[in-house]
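Here the structure is laid out as structure tokens; the discussion comes afterwards.
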Amino acid sequence: MLAAVSLAPFLVLSVQMLFFLWNISAAIDPIPSYSYLEVLGYFWIWFCSTSSLVELIMCLSIVLGMNFAFLRINFFQIHVIYFVIISLTYYFIAKSSFAYIPGYYLSGIHRYTSLLAVAVGILLFLLTSFSDPGTINSENVSQYISAYPYDNIIYAEKECSTCKIQKPARSKHCSICDRCVARFDHHCGWMNNCIGERNTRYFMAFLVWHFLLCLYGTVGIGLLLAGRLKELRVVHILTVYYGIENSFLGLAPHVVQWLLGSYHTLILLVVFLAIVGMLLAGFFGYHAKLCLSNTTTNETFKWQEYMSWQRKVNEAETSAAALRASISGMSNDKKPLLSKWRTFFRRSPLEDVQVVPKNLYDKGIIRNVLEVIFPLSTRRSLTRCKLKPT
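And the structure:
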């Protein structure tokens, strides 16, 4: 849910640009005669001219963000948002680029592979949204207890106060879904589903596929624009007919201005896909790191709480030891008063040293990855525990 809210400003800005960037053509003359600063100036004038629309969309985004935060959007409304974003993006890509495919660098097959790529992304979204994250009940609780032993550090044997069943290690009761989830990572607002032991693999596939989808679109549009420059001999016209220096610094501002004036929608799509792609790459990288160390988002918070508690205990023990030492030193009259206070306030060299316990569930990179792809509770050696009485 927090990830959805954090993505909202970037998505709102990108969607706003997606709908209105083509208006810049009315402000920019297609004849190349402007510098970088002038091109940016025209862009700013265009952006400010849509301020009322920006304010409207920003207000809607704030309301949407509040609905996400307070969970007042129902299941289907959340999914509609995803379908609207991906459908509009594909629509504008098809409308603005398919007329130039096949082109100088792109073959006609990309008309079909792009649709197939989007369809796979939608399939992964639905699979992650509707799949069981690893719901724990009285029938399978023994199966999950056998899969994940207690480490007695951040997980100890206890009963779920809501479900009234024994709580397996690495599980958590989701207050939104109202169920205990095995190997709980987080509750995803976009999916309106928990990410747990059984659907982490689908969630990771969703992230990496949509990142590749954005990369595919960015590179494809880039090649399309490069092909248009080649086919229309823009560089040749600029250097021969307009006398512009044949160098990168000389040509770049005029080429950018020409692209903004002639293919503004495609330029916007590149910006939009690049922003979303970078966000997805960062999100995937974070979760990939967790998978490699066999840790979950929920466990990172638990470890932080444990380390904070351990630090406070160490500080209390150090202060108590210093107090005892200062009290015992008060009986010695030869000891200066200043030295006594130095003894009291002196920090132990071990005070800042924290021994981090080993993660019991970290079994090495290969086994950790295999555990995500093939969840422990689904393996034949552990499913037999389901038949045993608890």
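With mature numbering (1 follows the signal peptide of the UniProt record, and there is no 0) applied, the sequence shown covers -27 to -1, 1 to 363.
Beta carbons: idealized from backbone N, C-alpha and C, even for Gly.
Just so we're clear, the structure is a prediction, and the values are computed from it rather than from any experiment.
What's the call for residue i, buried or exposed, on a 16-neighbour Cβ count within 10 Å?
i, result
"N271", "buried"
"H209", "exposed"
"R352", "exposed"
"E170", "buried"
"D335", "exposed"
"N267", "buried"
"P106", "buried"
"V213", "exposed"
"G76", "buried"
"G250", "buried"
"G255", "exposed"
"T135", "exposed"
"L233", "buried"
"N166", "buried"
"V154", "buried"
"V220", "Contrary to the premise, residue 220 reads as Ser rather than Val in this sequence. By the 10 Å Cβ count, S220 comes out exposed."
"R284", "exposed"
Can you list, in chain order, the residues of its chain with a C-beta nearer than 6 Å to that of residue i? Leave out the 5 residues immediately preceding and following it.
i, result
"D124", "L333"
"S104", "N172, Y175"
"R152", "T108"
"P348", "E170, R171"
Can you grab the Cα-Cα spacing for the pair residue i / residue j, in whole Å?
i, j, result
"T173", "N287", "37 Å"
"residue 366", "R156", "The structure shown does not extend to residue 366, since the chain is modelled only from -27 through 363, so no value can be given for it."
"G190", "V243", "7 Å"
"I118", "R297", "45 Å"
"T269", "A247", "27 Å"
"Y121", "F184", "32 Å"
"I51", "V57", "10 Å"
"Y78", "F257", "30 Å"
"residue 364", "G193", "In this structure the chain extends from -27 to 363, so residue 364 is not present and cannot be described."
"K137", "H237", "59 Å"
"N110", "Y85", "44 Å"
"G162", "E132", "27 Å"
"C147", "I168", "10 Å"
"A92", "Y73", "22 Å"
"L96", "D158", "22 Å"
"A129", "A142", "7 Å"
"S102", "S60", "18 Å"
"N113", "F65", "48 Å"
"W182", "S87", "13 Å"
"K68", "L99", "26 Å"
"residue 365", "L188", "A query on residue 365 cannot be resolved here, the shown segment of the chain reaching from -27 to 363 and no further."
"L263", "Y55", "25 Å"
"V229", "L186", "25 Å"
Which same chain residues end up closer than 8 Å to residue i when comparing Cβ atoms and leaving out the 5 residues on each side of it in sequence?
i, result
"I274", "Strictly speaking, residue 274 in this sequence is Phe, with Ile absent from that position. Once the five neighbours on either side are set aside, F274 has no close Cβ partner at all."
"L265", "I338, N341, V342"
"I217", "P5, L211, G223, L224, H227"
"E344", "N267, K336"
"I346", "R174"
"S350", "G107, N113, Q116, Y117, A120, A155, E170, R171, T356"
"Y63", "S87, L88, V91"
"H160", "M(-27), C147, I149, C150, N166, C167, I168"
May I ask you to check if the CB of residue i is nearer than 7 Å to at least one heavy atom of the ligand NAP?
i, result
"V207", "The ligand NAP is absent from the structure shown, which contains no ligands of any kind."
Could you tell me which residues DSSP pairs with residue i in its beta bridges?
i, result
"K131", "K140"
"T108", "V154"
Which same chain residues, not among the five before or five after residue i, have their C-beta less than 7 Å away from its C-beta?
i, result
"L196", "Y78, L79"
What runs of the alpha helix (DSSP H), each 4 residues or longer, lie entirely inside the segment 171 to 208? You should have 173 to 204.
Write down every uninterrupted run of the beta strand (DSSP E) in the segment 134 to 176 whose length is 3 residues or greater and which is fully enclosed by it, in chain order. 145 to 147, 152 to 154, 159 to 161, 166 to 168
Continuous beta strand (DSSP E) assignments of at least 3 residues falling wholly in the segment 214 to 283: none
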